[in-house]
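Reviewing the structure listed below.
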Amino acid sequence: MLFSKLAEYFFKIEATPKRLEMTDILAELLKKSSSQEIDKICYLALGQLASLYEGIEFNLAEKMLIKILAEAYNSKESEVKKMYKEKGDLGEVAEELAKKKVISHKPLAISAVYDRLREIAEVSGTGSQEKKIIWMANLLKELNPLSARYVVRIPIKKLRLGFMDKTILDALSVAEVGDKSARPDIERAYNVSADIGKIARVTKEKGIKGLAKIEAEVGVPIRMASAERLPTTKDILEKMGGKTAAEPKFDGLRVQMHLDKSRKLNERVSSEQLSLLGEEIGGPWVKIFSRNLEDTTAMFPDIVEAVQKLPVRSLIFEGEAIAYNPETEEFEPFQETAKRKRKYGVKEKVAELPLKVFAFDLLLIDGKNITQEPYKTRRGRLEKLVKGREDTILLAEEQEFTDPQKLEEFFMEQIEHGLEGIMTKRLDGVYQAGVRNFNWVKLKRVEAGHLADTIDCVVLGYYKGRGKRAEFGIGGFLVAVYDEKSDSFKTISRVGSGLKDEEWRQMKKRVDALKTKEKPKNADVVKGLTPDVWADPSIVVAIRADEITRSPMHTAGAREDEPGLALRFPRLMAFRDDKNPEQATTVSEVEKLFRQQRR
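Shown next as structure tokens:
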């Protein structure tokens, strides 16, 4: 298929606000694609060149793209900047500039454009920036105006099609069987092998039955399981069949660690990662993935070293990484732990903020996938693996309970120690990748009608400030929660407090980097809440509020017969860069919290 045809499909998707129509257009595109290009189409439709865990980044900022457009279309940078200021979209600028120039466009196939984009992204070393500018400009010269519109948006992650990977899963099902009935089988495969391109290719080549053979493998992140909420220990034990395992719930960075001793750590490691980990890099192959499937191996050399020492040939296990203060012998709050997520000054931060990893689940060991074994069995094998070797990697404390009062006492102990609460687990429960269910249930504190839990929200834009905040250029921001049913974001609050001066500046900077001229297609916002600056739904923040109330101004949980849900007295607690937008709190979770606080 020609890239120009793909651009036409993208244009149709961008033009429709209707979710079902969007899925049908995407399904038609996937149905017409070949098995050699369907994976590339899926990546490009998400504004990527590969799955997130591969970490392929363009490193092309908007300033660079302005230079590229000037070079490609023989224009002055000042002219390009002026057009960008007017349109607010470099893709539209590229399209208009391309229309003005008489260029002999080449009929490039999707694979050809994809390969050249990947080459541009992966070039490194001396003179790499100059090469990126020239190669990207040369590619644009060969594309028709509509194709240029979308190619320019990909490096800055602003494709503006208005959907995420869940819509692709629906579209794959419609393309393969004519409706969404195959979605559960497709999603199961995607959850254990988080590579949307691979899933699409296997579906195309082998059908839905072919997906049954996709299982967990070392090196490919498993989409992490999530917990449900219940309000009391009595409710939890009833849901768990009268007996449960419980462990402290830590507020750190969730990490999934992969080890393969048949390979070397520096095998197929990028030059950037080598420079971060240091020239002395060596030993068995390890990968560390974050909650949002990002490869964070180079950020955590202390964890890498600890995983390498484990007495197994291969494994996948999960844990929570928390910064530890060796002077006070106390664990640090999330804001401190989050400082370990960095690309530069890694060694200095390792010394300043060493990490402890509380291991809590084992998913694969010595090549055997054990996710479908009972939790109690997995926990037993994890204990044998870690116990007696605790240093950087510790075993999360665990006790079994049948008495609600005893479980309540354990819960209160954790609260007194300054922790979030507890995580309880069904003893016979399997590990269901990418699923939120009652195999795991978290208990956090909700007292006297007040909401003590934080809500992970997605920022949709900001309002310009007045008074003192006029100097920041921001006085408040709009946040939303994720609606799984519609693959979109529903508003739940305006936030205007809880930020220090530097955090206001940081919020403005983050939103400005993601600003869009119009409301994002996958955001459901009433007119009266329109922010001064819209943002692509990418920034996740933890918000604390006194309670959840009803409000006709917000769309989270809104129905014909009742208004939406809103947060009362919201304030910012932290930026959650370890989460992607789909991992924000869901509408259904907020509805449950609302019902719980009213009991």
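In case it helps, this note's numbering puts the sequence shown at residues 538 to 1136.
Where a beta carbon is used, it is the ideal one built from N, C-alpha and C, also for glycine.
Original post:
Going by other Cβ atoms of all chains shown within 10 Å of its Cβ, with 16 needed for buried, is R1105 buried or exposed?
Top reply: Here R1105 is exposed. Its C-beta has fewer than 16 other C-beta atoms within 10 Å.
**OP:** With DSSP collapsed to three states, give me the class of E816.
**Re:** Reliability of the predicted coordinates at E816 is poor, the pLDDT of 46 falling under 50, and no value is obtained from them.
**OP:** State the DSSP-derived secondary structure class of N681, mapped to helix, strand or coil.
**Re:** In the structure shown, N681 adopts coil according to DSSP, grouped into three states.
Original post:
Do L654 and F547 have their C-beta atoms within less than 8 Å of each other?
Top reply: F547 sits away from L654, with the two beta carbons spaced by 8 Å or more.
Original post:
Of all Cβ atoms in chain D, is any one closer than 8 Å to the Cβ of G856?
Top reply: Annotation note: the requested chain D is absent from the structure, which comprises a single protein chain.
Subject >> Bridge-paired residues (DSSP) for Q793 >> reply: Answer is F826 and E855, bridged to Q793.
**OP:** From the DSSP output, in three-state form, read off F595 for me.
**Re:** Here F595 carries a coil assignment [DSSP, helix/strand/coil].
Subject >> 6 Å CB neighbourhood of G1035 in its chain, flanking five on each side removed >> reply: The residues R1108 and L1109, in chain order, have a CB closer than 6 Å to that of G1035 in the same chain once the five nearest residues on each side in sequence are set aside.
**OP:** Leaving out five residues on either side along the sequence, give the residues of the same chain with a beta carbon under 7 Å from the beta carbon of K613.
**Re:** Non-local C-beta neighbours of K613 in its own chain, meaning closer than 7 Å and more than five positions away in sequence, comprise A607, ordered along the chain.
Original post:
Mapping DSSP to helix, strand and coil, what is I773?
Top reply: DSSP places I773 in helix when its eight states are reduced to three.
**OP:** Could you give the DSSP three-state label for Q969: helix, strand or coil?
**Re:** When secondary structure is reduced to three states using DSSP, Q969 falls in the coil class, being assigned neither helix nor strand.
**OP:** Determine, using beta carbons only, whether Y1000 and D1069 come nearer to each other than 8 Å.
**Re:** Between Y1000 and D1069, the CB-CB gap stays under 8 Å.
Original post:
Just to check, is the beta-carbon of K549 closer than 7 Å to a non-hydrogen atom of the ligand HEM?
Top reply: Ligands in the displayed structure: none, and consequently the ligand HEM is not present.
Original post:
Does DSSP put Y861 in a helix, a strand or coil?
Top reply: Secondary structure of Y861 (DSSP, three-state): strand.
**OP:** Can you have a look at N862 and say buried or exposed, based on whether 16 or more other CB atoms are within 10 angstroms of its CB?
**Re:** Classification for N862: exposed.
Subject >> Residues of its chain near V1063, where Cβ-Cβ distance is below 7 Å and the 5 sequence neighbours each way are ignored >> reply: M1090 and T1092, listed in sequence order.
Subject >> Pick from G734, I647, S684 and K638 that is closest to E545, judged by C-alpha positions >> reply: With distances taken between Cα atoms, E545 lies closest to S684.
Original post:
Looking only at its own chain, which residues have a Cβ that is under 6 Å from the Cβ of I488, when we skip the five neighbours before and after it?
Top reply: In the structure displayed, the chain extends from 538 to 1136; residue 488 sits before or after that span and is not available.
Subject >> Nearest-angstrom beta carbon gap, R720 and D707 [assumed within contact, 8 Å] >> reply: Between R720 and D707 the Cβ distance is about 6 Å, and since that is below 8 Å, they are a contact.
Original post:
Under a Cβ-count criterion, where at least 16 other Cβ atoms within 10 Å of its own Cβ denotes burial, should T1053 be classed as buried or exposed?
Top reply: Buried: at least 16 other Cβ atoms inside 10 Å.
**OP:** Please state whether DSSP places K981 in a helix, a strand or coil.
**Re:** Correct three-state label for K981: strand.
Subject >> Beta-carbon proximity list for M836, same chain, < 7 Å, skipping 5 on both sides >> reply: The beta carbon of M836 sits closer than 7 Å to the beta carbons of R877, K878, R879 and V883 from its chain, once the five residues preceding and following it are set aside; these are given in chain order.
Original post:
What separation, rounded to the nearest whole angstrom, lies between the Cα atoms of A985 and R1087?
Top reply: Its pLDDT being 36, under 50, A985 is placed unreliably in this model, and the value from its coordinates should be taken loosely. A985 and R1087 have their C-alpha atoms some 18 Å from each other.
Original post:
According to DSSP, what are the bridge partners of G1013?
Top reply: G1013 pairs with Y1000.
Original post:
Just reading off the alpha helix (DSSP H) that K569 is part of, what are its end residues?
Top reply: Where K569 is concerned, the enclosing alpha helix (DSSP H) stretches over R556 to K569.
Subject >> K905 to L847 span [Cα, whole Å] >> reply: Approximately 16 Å, taken between the alpha carbons.
Subject >> Same chain, Cβ closer than 8 Å to K776, five either side skipped, listed in chain order >> reply: Only L767, F975 and V978 meet the Cβ criterion.
Original post:
Do you know offhand how far V972's Cα is from E616's?
Top reply: Spanning the two alpha carbons is a distance of roughly 49 Å.
**OP:** Check L900 in the structure and name its three-state DSSP category.
**Re:** Look at L900 here: in three-state DSSP terms it is strand.
Subject >> Cβ distance (whole Å) where V792 is taken to contact S827 below 8 Å >> reply: Between S827 and V792 the Cβ distance is about 7 Å, and since that is below 8 Å, they are a contact.
Subject >> Burial state of H795, where buried means 16 or more other Cβ atoms lie within 10 Å >> reply: In summary, H795 is buried, with 16 or more beta-carbon neighbours lying within 10 Å of its beta-carbon over all protein chains present.
Original post:
Is DSSP giving T1123 helix, strand or coil here?
Top reply: The three-state secondary structure of T1123, taken from DSSP, is strand.
Original post:
Sorted by chain position, which residues of the same chain lie with C-beta nearer than 6 Å to Y727's C-beta, five sequence neighbours on each side aside?
Top reply: These residues qualify, in order along the chain: I736.
Original post:
When DSSP labels each residue in this structure, what does I1110 get in the three-state scheme?
Top reply: Per the sequence shown, residue 1110 should be read as Met rather than Ile. Strand.
Original post:
If we ignore side chains and look at the alpha-carbon of each, how far apart do M601 and K618 end up?
Top reply: Going from the Cα of M601 to the Cα of K618 covers about 11 Å.
Original post:
Looking at the structure shown, is V660 part of a helix, part of a strand, or coil, going by DSSP?
Top reply: In the structure shown, V660 sits in coil (DSSP, three-state: anything other than H, G, I, E or B).
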